[in-house]
Each structure stands twice: as C-alpha cells, then as structure tokens.
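Comments concern the structure below.
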Amino acid sequence: MPPTNSPANGALDVVTTALPVMEAFYTVQGEGLYTGQAAYFIRLGGCDVGCAWCDV
Ligand code: SF4
Numbered sequence: 032m033p034p035t036n037s038p039a040n041g042a043l044d045v046v047t048t049a050l051p052v053m054e055a056f057y058t059v060q061g062e063g064l065y066t067g068q069a070a071y072f073i074r075l076g077g078c079d080v081g082c083a084w085c086d087v
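In terms of this note's numbering, the sequence shown has 47 at position 16, counting the first letter as 1, and numbering is strictly consecutive.
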C-alpha cells in the first residue's frame, strides 16, 4: 500500500518529498566513530532556529 501522501498512481509527490539541499561534497569524516574515513556529506537547509553561527 503506498504512503498516504503519494498520488494514487504511485509516483512520488515532489511537493511533499523534496529536500532543500544546500551542499553535497566528498570529504574526510572529522569526528566520531568514523573519523578519518571518506564521507559524502549532504547538508540541508530549511531549519528555522536561526543560530548566529549557522553556515547553512
Ligand atoms: S546551527 Fe542552528 S540554525 Fe543552523 S541548522 Fe543547526 S539548529 Fe538550525
């Protein structure tokens, strides 16, 4: 059964599934369990908190 927000024909509903991608890049993980390993970052926008230090 398709999700309730999908059109009846099963196609993705772009209006409700699109994400605001701000950046996407390969890098090296700098923290945590995977420090030093290759990583692909996808940074999303759309947060409404408004921190002064935010760079997205
Ligand atoms: S740093 Fe603040 S404004 Fe930026 S994404 Fe995180 S919570 Fe949102």
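For every residue, glycine included, the Cβ atom is placed at its ideal position computed from N, Cα and C.
Gly67 has its alpha-carbon roughly 27 Å from the corresponding atom of Pro51.
Bridge partners of Glu54 according to DSSP: Arg74. Non-local C-beta neighbours of Val59 in its own chain, meaning closer than 8 Å and more than five positions away in sequence, comprise Gly67, Gln68, Ala69, Ala70, ordered along the chain.
If you ignore the 5 residues before and after Tyr57, its C-beta comes within less than 6 Å of the C-beta of Tyr71, all in its own chain and listed in chain order.
A straight-line Cα-Cα distance of about 12 Å links Val80 and Asp86.
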